[in-house]
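Taking this note's numbering, the leading residue of the sequence shown gets 888, the next gets one more, and so forth.
For glycine and all other residues, C-beta sits at the position ideal for the given N, C-alpha and C.
Quantities reported herein were computed from a predicted structural model and do not represent experimental measurements.
All remarks here apply to the structure that follows.
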Amino acid sequence: MALFTIDPQTCNQDGLCAAVCPPGVIDFSPGALPVPTADAEAVCIRSGHCVAVCPTASFTHREMAPADCAPLSPQPILSAEQCARLLHGRRSIRVYRQQPVDRATLARLIDLARYAPSGHNSQNTE
């Protein structure tokens, strides 16, 4: 499967995907569809910027579809005070319980953790 595919019916050929690609693995020429560079497979860091920035959801990366990029609300999720309380409240002291964590909760937490930033977005959760 190709590193990425472009829907030619909906792509507006604005080049945003190429403009935001950190390693520059998307070639774009005005009037043409974006294409991967020769070294794209080896150099792509799987940031997802290309998918997230596409206003027409025409860009699908082999490892993520437009549906995987939930749009963010322009309104802040946390107020400044809530954010400060969250960040300041972290401590290294753990309060363990005798009861095990149920499997569904554990699976959900592991799934959420895969969205945490990393150097190359290459987190393995299997």
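On a CA-only basis, which of Q896, P987, S979, A889 is nearest E928? Give me that one, please.
A889
Does the segment 942-951 come within contact of the segment 959-976, defined as at least 3 CB pairs closer than 8 Å?
no
Got a sec, what are the start and stop residues for the beta strand (DSSP E) I997 sits in?
Unbroken run through I997 is the alpha helix (DSSP H), 990-1000; no beta strand (DSSP E).
Along the alpha helix (DSSP H) that carries E950, what are the first and last residues, could you check?
Where E950 is concerned, there is no enclosing alpha helix (DSSP H), given that its DSSP letter is neither H nor E.
Under 8 Å: do the segment 891-903 and the segment 914-933 share three or more Cβ pairs, one atom per stretch?
yes
Please look up how many angstroms separate the CB atoms of P910 and I932, rounded, as I've assumed it's under 8 Å.
6 Å
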